[in-house]
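Peer 1: Starting off with a structure, shown below.
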Amino acid sequence: SILQGSVGRIKETPYGQLVVAVQGEPHLVSQLPQVLRTHGVECEELQQ
């Protein structure tokens, strides 16, 4: 689920931020950060 999103610019470079909640099988959820990084997505994992 997307909880929050924003799009902005630093000088002329656009960027976006998403806050998402992920549910699923723990072994699959734990792989998500690495999968995102292989696609050039920077991510930070927050615990509830």
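Using this note's numbering, you'd call the opening residue of the sequence shown number 121 and step up by one each time.
Beta carbons are placed, not taken as given, at the ideal position from N, Cα and C, and that holds for glycine.
Bear in mind that the values here come from a model prediction, so they are computed numbers and not experimental data.
1) Between the Cα of Pro-134 and the Cα atoms of Glu-145, Glu-164 and Ser-126, which residue gives the shortest distance?
2) Which whole-angstrom value describes the C-beta separation of Val-140 and Val-149, a residue pair presumed to lie in contact below a C-beta threshold of 8 angstroms?
3) Near Gly-136, what residues of its chain come up, given a Cβ to Cβ distance below 6 angstroms and the 5 sequence neighbours on each side ignored?
4) With distance defined between alpha-carbon atoms, name the residue in Leu-138, Ile-130 and Glu-164 nearest to Gln-124.
5) Can you tell me whether Val-139 is helix, strand or coil according to DSSP?
Peer 2: With the given structure in hand:
1) To locate residue 134, count along the sequence shown from 1; it is residue 14. Among Glu-145, Glu-164 and Ser-126, the Cα nearest to that of Pro-134 belongs to Ser-126.
2) As a first step, residue 140 must be located in the sequence shown, where it is residue number 20. As a first step, residue 149 must be located in the sequence shown, where it is residue number 29. Not confirmed; about 11 angstroms, so no contact.
3) Counting from one through the sequence shown, the residue named residue 136 turns up at place 16. Take Gly-136, set aside five residues on each side of it, and the residues of its chain with a beta-carbon closer than 6 angstroms to its own are Val-127, in chain order.
4) For the purposes of this step, residue 124 is taken as residue 4 along the sequence shown, with counting starting at 1. When each option's Cα is compared against that of Gln-124, the closest is Leu-138.
5) What you label residue 139 is simply residue 19 of the sequence shown in a count that begins at 1. Shown here, Val-139 sits in a strand according to DSSP, grouped into three states.
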